[in-house]
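Visitor: Offset between the sequence shown (1-based) and the numbering used here: plus 74. Heads up, the beta-carbon is just placed ideally off N, CA and C, and yes, glycines get one too. Structure provided below as structure tokens; questions to follow.
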Amino acid sequence: MPDHHQTSNIIAQRYQIIRVLGKGGMGTTYEAQHLETRETIALKAISLRGLIDAKQLELLEREVEVLKKLHHPAIPQYLDYFEIDSDTDRVFYIVQQLAPGKTLAQWVKQGWRVTEAQVKEIAVQILDILAYLHDLNPPVIHRDIKPHNLIRSAEGKLFLVDFGAVQQRYYNTVIRGNTTVGTFGYMPIEQAQGKAVPASDLYSLGATLLYLLTHHSPSELSEDGLTLDFRSRIQLSEEFADWLEKILEPDVESRFQSATQALSALKNPNLVREGELAKRRSLLRNEFRTPVWLGLGVGAVMGLIWFYTHNHE
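Here you go:
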């Protein structure tokens with residue numbers, strides 16, 4: 075079996091290749107047409123010969139199982155899965171509806187410049203998708219949110235594709251253990267350590283938005299400690315810069331904890347500042363709590379000493 079198919083090749087006697095849509099670490103995705111229905115679809119081909127280890131086969135099987143359960147207008151619908159064996163290889167195929175448009179990476183490569191309002195609208199759409207995924211039981215963590223995996227139509231509608239790195243939280247942490255999957259620059263610290271959580275996808279979203287605004291990979295931006303320094307590179311409203319800073323927090327506990335929370339804060343910027351003020355008040359309370367109780371304790375002891383001394387004079 076060849077590493078990739080040529081235009082007009084017919085696969086499984088029902089799908090005719092039209093063109094290559096993209097190539098990734100685990101395979102090639104084609105635009106193809108179903109010969110009977112004439113429907114245009116996305117056909118992902120993964121060669122067993124091209125897989126580095128058994129973990130990648132597990133990821134493929136997991137991708138198929140997860141895609142079967144997903145029903146969201148911004149996630150191309152799963153249609154079919156099959157395998158084809160030859161003397162030298164086995165190729166796995168995943169068939170999905172074709173998302174119309176170009177990836178965000180392609181838009182940027184062609185010189186597309188976004189306004190703050192457009193970036194906010196993109197964030198709203200992606201957060202809606204993430205809220206759906208993370209609210210499933212068990213939560214589905216995409217683990218590879220990046221410009222290459224987000225397709226934007228000419229009308230501005232966003233689609234999330236490529237669930238090859240997907241993690242079902244229960245399955246991964248309880249049964250199989252942790253696996254580090256993702257893309258450098260878009261992956262937060264905890265994910266690089268094999269501990270992806272829903273908030274990890276939020277960081278990746280923030281990094282993607284930063285790429286749209288700067289036309290540079292987040293890994294190319296300077297850092298203040300572990301925090302990406304973007305304020306000196308782009309002009310944003312103070313409210314949106316605060317929101318972007320919070321979604322890009324290196325410390326997962328300081329980041330937005332859910333897509334719903336991030337969405338609410340985006341629509342109501344005061345929530346970000348109120349949250350930061352509450353956090354500071356909590357830190358101050360913890361800082362002064364011990365001295366206050368210590369002072370009360372010392373006062374009580376001194377009072378007892380005075381009382382004892384006074385009554386024995």
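(1) Count the other CB atoms within 10 Å of the CB of D275; is the residue buried (16 or more) or exposed (fewer)?
(2) Residue range of the beta strand (DSSP E) that I225 falls in?
(3) Evaluate P272 with the Cβ neighbour count: other Cβ atoms within 10 Å of its Cβ, from every protein chain shown; 16 or more gives buried, anything less gives exposed.
(4) If you draw a straight line from the C-alpha of A119 to the C-alpha of Q130, how long is it?
(5) From what residue to what residue does the alpha helix (DSSP H) around A273 run?
(6) Look at the alpha carbon of I91 and the alpha carbon of H108, and state the distance between them as a whole number of angstroms.
(7) Counting only beta-carbon atoms, is K143 nearer than 8 Å to chain B?
(8) Could you compute how far the alpha carbon of I168 sits from the alpha carbon of S311?
(9) Answer with buried or exposed for F233, where buried requires no fewer than 16 other C-beta atoms within 10 angstroms of its C-beta.
(10) Under 7 Å Cβ to Cβ from R243, same chain only, skipping five residues before and after it: list those, please.
(11) How many Å lie between G259 and E110 at the Cα?
(12) In angstroms, rounded to a whole number, what distance separates the CA positions of I200 and D161?
(13) Within this structure, are the beta carbons of A281 and L322 separated by less than 8 Å?
(14) Measure the alpha-carbon distance for D163 versus A336 and round it to whole angstroms.
(15) If you draw a straight line from the C-alpha of Q180 to the C-alpha of S227, how long is it?
(16) Return the CA-CA distance between Y89 and H290, expressed in angstroms with no decimal places.
(17) Mind reading off the beta-carbon distance from A116 to P150? Whole number of angstroms is fine, and I expect it under 8 Å.
(18) Determine the closest residue to F330 out of G299, E297, S278 and L133, with distance taken between C-alpha atoms.
Guide: The relevant details are as follows:
(1) Here residue 275 refers to the residue found at position 201 when the sequence shown is read from its first residue. By the 10 Å Cβ count, D275 comes out buried.
(2) Stepping through the sequence shown from its first residue, residue 225 is reached at position 151. Run containing I225: L224 to R226, per the beta strand (DSSP E) assignment.
(3) Against the sequence shown, residue 272 aligns to sequence position 198. Counting Cβ neighbours within 10 Å, P272 comes out buried, since at least 16 surround it.
(4) Indexing the sequence shown from 1 puts residue 119 at position 45. Indexing the sequence shown from 1 puts residue 130 at position 56. Taking the straight line from one Cα to the other gives about 14 Å.
(5) Sequence index remark: in the sequence shown, residue 273 carries index 199 (1-based). A273 -> alpha helix (DSSP H) spans P272 to T288.
(6) For the purposes of this step, residue 91 is identified with residue 17 of the sequence shown, where counting begins at 1. For the purposes of this step, residue 108 is identified with residue 34 of the sequence shown, where counting begins at 1. Taking the straight line joining both Cα atoms gives about 9 Å.
(7) Of the chains in the structure shown, none is chain B; there is only one protein chain.
(8) Here residue 168 refers to the residue found at position 94 of the sequence shown. Here residue 311 refers to the residue found at position 237 of the sequence shown. The alpha-carbon atoms of I168 and S311 are separated by roughly 43 Å.
(9) Numbered from 1 along the sequence shown, position 159 holds the residue referred to as residue 233. Buried: at least 16 other Cβ atoms inside 10 Å.
(10) As a first step, residue 243 must be located in the sequence shown, where it is residue number 169. With a pLDDT of only 45 at R243, under the threshold of 50, the placement of this residue in the model should not be trusted, and no figure is reported.
(11) Position 185 of the sequence shown holds residue 259. Position 36 of the sequence shown holds residue 110. In a straight line, the C-alpha of G259 is about 43 Å away from that of E110.
(12) Taking the first residue of the sequence shown as 1, we reach residue 200 at position 126. Taking the first residue of the sequence shown as 1, we reach residue 161 at position 87. Going by the C-alpha atoms only, they are around 43 Å apart.
(13) Locating residue 281 in the sequence shown gives position 207, counting from the first residue. Locating residue 322 in the sequence shown gives position 248, counting from the first residue. For A281 and L322, yes; Cβs fall inside 8 Å.
(14) Your numbering for residue 163 matches position 89 in the sequence shown. Your numbering for residue 336 matches position 262 in the sequence shown. Cα-Cα distance, rounded: 45 Å.
(15) Residue 180 sits at position 106 when you count from the first residue of the sequence shown. Residue 227 sits at position 153 when you count from the first residue of the sequence shown. Roughly 12 Å between the two C-alpha positions.
(16) The sequence position of residue 89 within the sequence shown is 15, counting from 1. The sequence position of residue 290 within the sequence shown is 216, counting from 1. Approximately 37 Å, taken between the alpha carbons.
(17) Along the sequence shown, read from residue 1 onward, the residue named residue 116 stands at position 42. Along the sequence shown, read from residue 1 onward, the residue named residue 150 stands at position 76. With 8 Å as the limit, A116 and P150 qualify as a contact, their Cβ atoms being about 6 Å apart.
(18) Indexing the sequence shown from 1 puts residue 330 at position 256. That would be S278, whose Cα lies nearest to the Cα of F330.
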